[in-house]
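Numbering (full-length UniProt numbering), first residue to last: 1 to 968. We put the beta carbon where it would ideally sit given N, CA and C, even for glycine. Note that the structure is a prediction, hence the values are computed from the model and not measured. To start, the structure itself, in structure tokens.
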DNA sequence: GTGGTCTCCTA
DNA sequence: GTAGGAGACCACA
């Protein structure tokens, strides 16, 4: 090892625990052996060995070793017998994976280091020291805080699961002290997991503050008398010895008598066949193929290695999957596994795709589609906006590897002086569409798309109907909504392909470029267009083969069939219809807002004594809290003083003039920039209407989201904002109808938690917030002060959001203790709610997901996190999801049924335009309004039936007017 | 140009 | 305290 070398040390024992808790629990080999953590470990190693440069680490290792704990007893037990005494046994299905991870390390040809009497951390500390002394750098692959004391200029850490490097600044940011003081900090705080005692009542924040003040632990303990806080002083004196022992426990040994010299860690190129043998045995098909591609090995020629599972371990463990593989029967989950494996074992051959340029070939493909009964289909267009896009061509696939592209509007490149003309020998749009029209409308051929709503709209605009279809994006959404951390698992094709097929598709930008020089798809040459477009269809088909069988295997067919697939034409039609927006009204309002804003700006500059960028929170903060010296409220996570409306309102309340002006200015400029200025830009030049885009698969709960423009957040709370709704109008001779569910989420809560009092209140049509207030505060509903009702209302909402004292206190601007007391009182009065919340949390922890009343699943893998904040957040989300999600399912059911119900009743000219979570907006001929409103309400109120019979009535309120403001 | 931060709009 | 999208600013490439 020499200067410039870079040693990677993987904390193998730490990784396995973390991976086990962070990854979905269901990863198993076909014989039931749990291998989730092993899979994560292998992927991580491979990534570090292949592309460490592409990660946060940014360097490629020259030396590499994986370090493990040898056994649970170490020298620390001699120091302090209780050390790690409260460690429970590892979970059953984790046990066999310890051995497998060591096997994996050997399969990777990497040193597998452990030593009796020492923890992995001590070995890591020692090797890091040795590397530094030899002039090399070290990256420790771990995010364990116990290792942070080792961080120096030459030693950093890397969290492989978050792709995050941890250097000196990150340690300071996280713990408030530099790495050199981490030992003292941990000595003070202790560690309940490892049973390191520490000093009671001292957490990380306090410890950092004390160390900042006194420098180090010894000084602090010797001067403990000076501490002002009584309890803290007493504890520091009483537990000084415990703190000193703790320091010895957390201090890592850098002088372990290691058996392997660091030079033996030098990295050799991977032994492809050996590694592949192991990966095959583990059934990691995707990684197997990646390794094969990188090492040039032939997968088929390599036999799966024989891997022994540690004796005594229950290899099969308790089965966690809802459908168990039993016997030889081809169960859905077995089928799903087998197909997934077959699909991902094949490679992609871009040169094998066909470019269809004559009608006979296209007809041959159509015949092939009939034969196969399935056809993956994808359109290529000039725009992401399906209401403006023009068709460039479309692609087809009938089985894996068998795919083609049909160009219809490609032009020759711009480099050609005579260029810009249509390329010859392309089928015309009419000809090509005519050839596929009958098949597209024939349910005998299942059309498979990825985000099919887009292609559906393109074809709908061209007069081609699609009947009989599947959407891989929606299937993935039904199966995996919420998996991965922080919703990182999207359901876009690139992500799905990498995840399920182990294949990275050709990036769109490789064809079109980006930014100013970006070209439209019709300018892409046919060879590359064919490779790209046909690949998309090919991928879609393979994804369908992998994902579709899982629906049955995991009991999610009806969710997909009733709540997802039918939404494609429903939402497609709504987006196609758009809504009429009055440009004049918006333009007038923009002018007014501009004037108002300019006036306020002058006043602000005068009050501030200088001109500055009001919209910059940074500059504004400097003026308010620096120059003017106003007292700051809360801080943002980057340490800036917050200038949120809440803070400014508080300052205004204390008699300061400027903050009030800022609030006013913000409101006016917000309304202007986000709404009155932006909306006219979305009016489609052709239709003269605004066509929002609804995302069907973007939320974890099942709600839709709306974008470009977002029509689900048009202002309503303030009179100024509300006026914007007057610009959403019905055309001459028509009215807008707004129909919204009253208190749907509270009704769902009453139903799912089965709360007699709430159910009765809804059945009797009572004011639910007043009723809650009356129950909680013993105040009669008659003559109840509005403040009392307001508090009960906030609590009711809080319950739906997975209440916390902190949140309720914030909402009501009351002390946290008071909020806490309210919650306690609420739970005493409605114990069923508490039971429901506890049961929901327990279910989410056990299964990793929660369900709506219709069986839609929302995954919260991080609910098992050891990070209390993250865990609590996931608990609240898990409590909220069945309520929010069930309401979302109900309105989806209403929407799916609505068009047909309207048409059957002779209201074919009444059009559903928008959805805003609990509200539907329609456009109807004036003459039909009165007759259609009861029908709309009826469909919405009975939307849960016949699948579910709610024990609470649903109530819908509907009104018609010339514009959205008056209708709502 | 891109991505992160802050703020604010909705149910 | 839940679920979203978007605009402005600003530091980075």
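- Given that a residue counts as buried once 16 or more other Cβ atoms are within 10 Å of its Cβ, and exposed if not, what is residue 72? Exposed.
- Span separating the alpha-carbon of residue 293 from that of residue 398: In a straight line, the C-alpha of residue 293 is about 26 Å away from that of residue 398.
- Cα-Cα separation, residue 618 to residue 215: 32 Å
- Message: Rounded to the nearest angstrom, what separates residue 285 and residue 263 at their Cα positions?
- Response: 33 Å
- In the structure shown, what three-state DSSP assignment does residue 153 receive? coil
- Query: Leaving out five residues before and five after residue 905 in sequence, what residues of the same chain have Cβ atoms less than 7 Å from its Cβ?
  - Reply: Taken in chain order, the residues that qualify are 935.
- Beta carbon of residue 409, beta carbon of residue 356: below 8 Å? no
- Figure out for me which residue from 580, 189, 954 has the closest Cα to the Cα of residue 711. 580
- Query: DSSP state of residue 72, grouped into three classes?
  - Reply: coil
- Task: Please state if the CB of residue 113 and the CB of residue 997 are separated by a distance shorter than 8 Å.
- Result: Given that the chain is displayed from residue 1 to residue 968, the structure contains no residue 997 and the question cannot be resolved.
- Cβ contact (3+ pairs, closer than 8 Å) linking the region 762 to 777 and the region 743 to 754: yes
- Item | CB contact flag (residue 860, residue 887, <8 Å) | no
- Query: Looking at C-beta atoms only, is the number of pairs between the region 897 to 911 and the region 920 to 932 that lie closer than 8 Å three or more?
  - Reply: Counting C-beta pairs with one atom in each stretch, the region 897 to 911 and the region 920 to 932 have three or more that are closer than 8 Å, which means they touch.
- Message: Please report the straight-line C-alpha distance between residue 517 and residue 66, rounded to a whole angstrom.
- Response: C-alpha separation (whole angstroms): 47 Å.
- Can you name the residues that DSSP bridges to residue 635? 641
- Message: Tell me the residue span of the beta strand (DSSP E) that contains residue 403.
- Response: 402 to 407
- Task: Report the three-state DSSP secondary structure of residue 259 (helix, strand or coil).
- Result: coil
- Reduced DSSP category for residue 856 - H, G, I as helix; E, B as strand; rest coil: DSSP, read as helix, strand or coil, puts residue 856 in coil.
- Of the choices 108, 375, 803, 17, whose alpha-carbon is the least far from that of residue 820? 803
- Message: Assuming contact is defined by CB atoms lying nearer than 8 Å, are residue 208 and residue 250 in contact in what I supplied?
- Response: no
- Message: What does the Cβ neighbour count give for residue 237, buried or exposed, with the cut at 16 atoms within 10 Å?
- Response: Looking at its Cβ environment, which holds fewer than 16 other Cβ atoms inside 10 Å, residue 237 is exposed.
- Work out the CA separation of residue 515 and residue 813 for me, nearest whole Å. 47 Å
- Query: Is the Cβ-Cβ distance between residue 476 and residue 452 less than 8 Å?
  - Reply: no
- Query: What residue range is occupied by the uninterrupted alpha helix (DSSP H) comprising residue 831?
  - Reply: 831 to 847
- Task: Run the CB neighbour count on residue 708, radius 10 Å, all protein chains shown included, and call it buried at 16 or more, exposed below.
- Result: exposed
- Query: Does the pairing of the region 647 to 658 with the region 570 to 590 give three or more beta-carbon distances under 8 Å?
  - Reply: no
- Query: What number of angstroms, rounded off, separates the C-alpha of residue 713 from the C-alpha of residue 564?
  - Reply: Residue 713 and residue 564 have their C-alpha atoms roughly 23 Å apart.
- Item | Uninterrupted beta strand (DSSP E) stretches inside the region 523 to 609 (no shorter than 3 residues) | 579 to 581
- Query: Under the three-state reduction of DSSP, which class applies to residue 900: helix, strand or coil?
  - Reply: helix
- Return the first residue and the last residue of the alpha helix (DSSP H) that residue 287 is part of. 285 to 295
- Task: Below 8 Å on the Cβ atoms is my guess for residue 725 versus residue 968; work out the distance and round it to an integer in Å.
- Result: 7 Å
- Task: List the whole-angstrom C-beta distance separating residue 370 from residue 444, where the pair is believed to meet the contact cut-off of C-beta under 8 Å.
- Result: 7 Å
- Query: First and last residue of the beta strand (DSSP E) that includes residue 141?
  - Reply: 137 to 141 is the span of the beta strand (DSSP E), which, as asked, contains residue 141.
- Query: The alpha helix (DSSP H) spanning residue 617 covers which residue range?
  - Reply: 617 to 621
- Quick one: Cα of residue 18 to Cα of residue 867, how far? 11 Å
- Which stretch, first to last residue, makes up the alpha helix (DSSP H) that contains residue 752? 744 to 753
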